[in-house]
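Asks: Residue numbers (full-length UniProt numbering), protein chains in the order written: chain W, 1 to 470; chain R, 1 to 470. Have a look at this one before I ask anything.
Now the structure itself:
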């Protein structure tokens with residue numbers, strides 16, 4: 001994970017120089033080479049050092065992306081798609097330089113088919129843009145990774161977040177994609193039908209490919225009906241294990257919980273101090289239920305009974321929006337509140353995902369590891385999926401702290417994989433987790449590499465990501 | 001679709017002879033070359049002419065499948081995975097001969113993790129086997145394509161069926177696969193975590209690849225809790241359009257319907273005659289709702305109100321299992337009853353899937369087409385997904401009838417694709433729909449072929465399927 005471990009990508013100086021000339025002429029003001037803008041486009045929400053691209057170009061449609069990629073293919077120059085730069089594992093760094101394709105001007109909502117509960121958008125549309133646009137339609141796009149990310153970026157990294165336990169991840173919510181492949185050809189991966197058995201699932205292959213196989217230029221997405229009613233609340237538990245057992249029973253009973261978020265004791269302490277709350281300083285579950293008026297009340301009541309079986313409670317819940325927002329405010333401020341645990345520190349945000357039966361064990365072992373390592377690192381989790389995040393607060397200028405954080409992350413990943421889990425539930429591999437992919441999936445990685453070779457033989461699409469070397 | 005159009009695959013006589021010697025010696029009684037067994041293994045539920053493999057082998061574990069595939073790779077001999085032979089598009093035919101790998105002896109349930117709502121099974125386990133095994137666990141495997149298919153085959157063809165509107169298809173319900181790839185290496189595509197952003201989605205690439213990329217040797221599957229209560233019933237409508245509009249509103253309102261099946265007028269006529277029912281001879285919806293006692297009653301009542309808004313009803317429904325089975329009996333007997341429309345005929349079962357907003361239009365145009373073509377062809381549909389089936393009853397010994405049926409299927413596929421749909425919602429491409437894949441997906445097919453080339457360079461995995469030529 002340290003810079004020394006990042007995959008080296010050789011710079012093709014001649015090719016890059018040629019591309020800069022071509023793009024400057026073709027795109028005028030929509031082509032930028034200033035230091036600030038280049039660095040901003042290499043930077044993501046990560047502590048991984050910046051590796052800026054040589055230029056940033058702002059195409060406005062699929063044909064322009066094709067032009068750029070065709071030229072990059074001809075000159076063997078890396079091409080890196082950029083949405084909002086909110087990824088967490090160095091996905092948009094440019095280790096071999098090259099051209100950053102910023103999709104922010106491809107921000108049109110092309111169609112909303114409310115009868116079909118789907119829409120087609122350009123990749124630069126953010127999830128908040130889309131939901132604002134949908135507001136009066138009775139529909140919404142449910143995937144919420146926290147950041148106001150672009151939908152193209154969310155698909156490319158297979159994002160998910162708090163709603164995934166009910167609505168799925170980008171994997172389940174992308175119906176079809178248009179993408180420009182490494183040879184500059186544009187393809188549409190599927191029709192708008194809800195299901196299909198027609199050929200290989202190129203949609204799912206591109207979702208999560210992190211820009212290494214193609215650049216997404218439009219997405220057809222599933223939408224959900226805005227629920228008639230929402231109930232939500234907070235429930236403290238005597239231990240993480242008790243909370244996890246309540247989650248397991250909730251899922252087993254088929255309660256269609258929309259969000260079920262675990263906050264550990266350290267994170268609760270930070271949230272209580274930050275948001276001046278009257279909660280107990282113990283692990284809590286934050287929940288939300290979607291459905292009819294009767295159903296959301298029934299779901300909340302049933303959960304309350306489950307919680308008390310495991311020593312949890314009281315479960316404070318409400319169907320009144322303002323009161324619910326008040327109860328959830330602490331969870332929404334989790335990221336900011338955690339900063340108060342160590343003012344001035346930089347956060348390394350990492351995630352793993354395990355089968356839910358192993359979740360309590362995995363979090364407990366991780367809390368012990370954090371204590372042993374003298375790290376300040378609160379935990380929040382999308383526990384309905386077995387996914388949790390650790391935010392390691394560190395001084396990025398202290399190599400010892402970086403090393404301690406990195407070896408903690410390595411142990412965390414090994415622990416998750418040993419429990420039949422994955423080294424990343426939703427953040428992706430990027431540069432930060434390249435070392436763990438083969439540890440998790442072994443020889444399967446060779447077949448991923450074979451696909452990468454077949455579809456991008458000159459390795460121009462976001463090189464130096466996902467795989468160490470080919 | 002006629003034999004003349006099937007992809008020709010050259011026979012490698014020397015390689016096949018060598019393989020027969022190797023496998024006979026290695027597998028003894030578990031290696032068969034009798035005519036009857038070979039023909040049975042080429043035959044699927046289809047009118048497509050039989051192309052038998054040269055031998056059938058019955059491996060008992062992944063290592064034995066690896067041995068077989070390694071030898072086939074060395075001798076350049078086709079290898080065709082076989083589950084229960086219930087596919088509908090000639091998937092297990094052997095146009096170039098070769099070795100059929102029958103997975104029926106790989107029928108162990110390896111693990112049931114009830115806390116995680118998942119299980120791991122060998123590919124020869126059928127869905128009824130699995131559900132019998134799960135009966136006392138409170139869990140079930142919800143995908144129901146009708147036939148008691150093997151789970152390996154269901155994954156390979158991306159099967160779905162009546163429950164997909166609520167529980168998804170095999171695409172959404174396979175967590176991870178073990179597969180033997182064309183070079184004989186076995187890989188595991190994913191961990192048991194519910195979600196992951198670790199690398200390319202090889203699971204989804206293999207699901208629906210119809211044995212052309214690898215042979216599945218184990219599957220980790222999602223399970224669902226057996227619902228506390230089930231309500232179900234039947235509702236007649238004045239027209240297919242009215243029924244489809246009721247479906248659209250049901251889905252839009254977020255009613256989590258578990259099954260919603262359309263039966264057209266001709267199919268109803270057959271079912272009424274066959275099952276001696278007192279129903280009106282008009283298009284009907286058959287519905288099922290899963291949830292708590294209160295919720296399934298609420299769902300059924302709400303649907304009844306929606307139906308009457310569109311002129312449908314009365315909606316007869318019940319939560320009592322025997323009464324529900326009585327109401328649904330006609331739907332369960334649909335296939336058999338349709339045979340009475342033309343005794344002695346053979347059925348060509350085809351399927352398409354369109355966005356639900358186009359479903360009424362697509363079915364109406366298809367009914368007109370059927371009338372114009374003087375075909376006997378009832379329609380049933382998994383309409384919550386926009387997926388419907390036409391069963392063309394024909395005399396398979398009359399070339400004119402075959403031609404008429406084939407040109408009808410071609411028009412049906414073109415119609416579905418023109419409505420932004422797919423030429424197959426759940427049956428797959430096999431041999432029968434190879435001609436339509438490029439019509440639907442254009443240049444995207446070239447990238448599928450590139451993947452096929454990369455992972456199976458000698459084209460030994462189920463050759464002559466999915467793609468016409470490379």
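Cβ atoms here follow ideal geometry from the backbone N, Cα and C, with glycine treated the same way.
Should residue 252 of chain R go down as buried or exposed, given a rule of 16 or more other Cβ atoms within 10 Å for buried?
Replies: Under this definition residue 252 of chain R is a buried residue.
Asks: Tell me which residue opens and which closes the beta strand (DSSP E) that residue 458 of chain R is part of.
Replies: Residue 458 of chain R -> no beta strand (DSSP E), and no H or E assigned at all.
Asks: Using CA coordinates, which residue listed in W/118, W/238, W/462 and W/24 is at the minimum distance from residue 385 of chain R?
Replies: Comparing Cα positions, the closest option is W/118.
Asks: In chain R, what lies closer than 8 Å to residue 439 of chain W by C-beta?
Replies: By Cβ distance, chain R contributes nothing, its closest Cβ being about 10 Å from residue 439 of chain W, past 8 Å.
Asks: Under 8 Å between the Cβ atoms of residue 341 of chain W and residue 270 of chain W?
Replies: Cβ atoms of residue 341 of chain W and residue 270 of chain W: closer than 8 Å.
Asks: Taking the alpha carbon of residue 375 of chain W as the reference point, which residue from W/403, W/387 and W/174 has its own alpha carbon closest?
Replies: It is W/403.
Asks: Am I right that residue 434 of chain W and residue 214 of chain W are in contact with their C-beta atoms under 8 Å? What's the rounded C-beta distance?
Replies: Residue 434 of chain W to residue 214 of chain W, Cβ: 20 Å. No contact.
Asks: Assuming the contact rule is C-beta atoms closer than 8 Å, residue 94 of chain R and residue 52 of chain R should be a hit. Round their C-beta distance to whole Å, please.
Replies: About 6 Å separates the two Cβ atoms, so the contact holds.
Asks: In chain W, which residues lie with their C-beta within 7 Å of the C-beta of residue 422 of chain R?
Replies: 191, 193, 196 and 198, listed in chain order.
Asks: Locate the alpha helix (DSSP H) running through residue 436 of chain W, then write down its first and last residues.
Replies: That run of the alpha helix (DSSP H) goes 434 to 441.
Asks: Report the rounded CA-to-CA distance for residue 162 of chain R versus residue 259 of chain R, giving the unit in angstroms.
Replies: If you take the alpha carbons of residue 162 of chain R and residue 259 of chain R, they lie about 6 Å apart.
Asks: Give the residues of chain R in contact with residue 455 of chain W, contact being defined as C-beta atoms less than 9 Å apart.
Replies: Correct list: 447, 450, 451 and 454.
Asks: For residue 137 of chain W, which residues in the same chain have their Cβ closer than 7 Å to its Cβ, ignoring the five residues on either side in sequence?
Replies: Counting only Cβ-Cβ distances below 7 Å, and skipping sequence neighbours, we find 112 and 114.
Asks: Does any C-beta atom of chain W lie closer than 8 Å to the C-beta of residue 254 of chain R?
Replies: With 8 Å as the cut-off, residue 254 of chain R counts as an interface residue toward chain W.
Asks: Since I believe residue 79 of chain R is in contact with residue 101 of chain R (beta carbons under 8 Å), could you give me their beta-carbon distance rounded to a whole number of angstroms?
Replies: With 8 Å as the limit, residue 101 of chain R and residue 79 of chain R qualify as a contact, their Cβ atoms being about 6 Å apart.
Asks: Compare the C-beta of residue 131 of chain W with all C-beta atoms of chain R and state if any pair is closer than 8 Å.
Replies: Not one chain R Cβ lies under 8 Å of residue 131 of chain W.
Asks: Can you give the Cα-Cα distance for residue 327 of chain W and residue 204 of chain R, rounded to whole angstroms?
Replies: Cα to Cα, residue 327 of chain W sits roughly 39 Å from residue 204 of chain R.
Asks: Quick check on the burial criterion: 16 or more other C-beta atoms within 10 angstroms. Buried or exposed for residue 4 of chain W?
Replies: Only weak support is given to the placement of residue 4 of chain W: the predicted model assigns it a pLDDT of 46, under 50, and the value that follows is read from those uncertain coordinates. Under this definition residue 4 of chain W is an exposed residue.
Asks: Are there 16 or more other CB atoms within 10 angstroms of the CB of residue 110 of chain W, so buried, or fewer, so exposed?
Replies: Residue 110 of chain W comes out exposed.
Asks: What do you reckon, are the CB atoms on residue 169 of chain R and residue 151 of chain R nearer than 8 Å?
Replies: No; because the gap between Cβ atoms is not below 8 Å, this pair is not in contact.
Asks: Nearest chain R C-beta to residue 181 of chain W closer than 8 Å, yes or no?
Replies: So yes, residue 181 of chain W belongs to the interface.
Asks: Given a threshold of 16 other Cβ atoms within 10 Å of its Cβ, counted over all protein chains shown, does residue 8 of chain R qualify as buried or as exposed?
Replies: Residue 8 of chain R is exposed by the Cβ-count criterion.
Asks: Using a Cβ-Cβ cutoff of less than 7 Å, which residues in the same chain neighbour residue 390 of chain W once the five nearest sequence positions on both sides are dropped?
Replies: Excluding positions up to five away in sequence, the list reads 350, 366, 377, 379 and 412.
Asks: Okay, do the region 324 to 338 of chain W and the region 309 to 318 of chain R touch, 3+ Cβ pairs below 8 Å being the bar?
Replies: Verdict: no, contact absent.
Asks: Rounded to a whole number of angstroms, what is the C-alpha to C-alpha distance between residue 155 of chain W and residue 218 of chain W?
Replies: Each residue's alpha carbon lies about 10 Å from the other.
Asks: If you measure between the beta carbons of residue 331 of chain R and residue 286 of chain R, is that distance less than 8 Å?
Replies: Yes. Within cutoff.
Asks: Excluding the 5 residues preceding and the 5 following residue 46 of chain R in the sequence, name in chain order all residues of the same chain whose CB lies nearer than 6 Å to its CB.
Replies: Only 88 and 90 meet the Cβ criterion.
Asks: Taking three-plus beta-carbon pairs below 8 Å as touching, is the region 197 to 211 of chain W in contact with the region 191 to 210 of chain R?
Replies: At 8 Å Cβ cutoff, the stretches touch.
Asks: Helix, strand or coil: which one does DSSP assign to residue 414 of chain R?
Replies: The answer is helix: DSSP assigns residue 414 of chain R an H, G or I state.
Asks: Considering only the alpha carbon of each residue, which of W/233, W/420, W/298 and W/86 lies closest to residue 354 of chain W?
Replies: Selected option, being the one with the closest Cα: W/420.
Asks: Any residues in the region 96 to 122 of chain R with a beta carbon nearer than 8 Å to a beta carbon of chain W? Which ones, in chain order?
Replies: Here the close residues are 113, 114, 115, 116, 117 and 118.
Asks: Give the straight-line distance between the Cα atoms of residue 11 of chain W and residue 464 of chain W, rounded to the nearest whole angstrom.
Replies: Approximately 12 Å between the Cα atoms of the pair.
Asks: At the 8 Å Cβ level, is residue 204 of chain R part of the contact set with chain W, yes or no?
Replies: It does: the Cβ of residue 204 of chain R has a partner Cβ on chain W nearer than 8 Å.
Asks: Would you kindly report the start and end of the unbroken beta strand (DSSP E) that includes residue 423 of chain R?
Replies: Premise fails: residue 423 of chain R is in no beta strand (DSSP E) and is neither H nor E.
Asks: Using alpha carbons as the reference points, say which of W/453, W/42, W/416 and W/427 lies closest to residue 192 of chain R.
Replies: Of W/453, W/42, W/416 and W/427, the residue nearest in Cα terms is W/416.
Asks: Does DSSP classify residue 29 of chain W as helix, strand or coil?
Replies: Looking at residue 29 of chain W - three-state DSSP - the assignment turns out to be helix.
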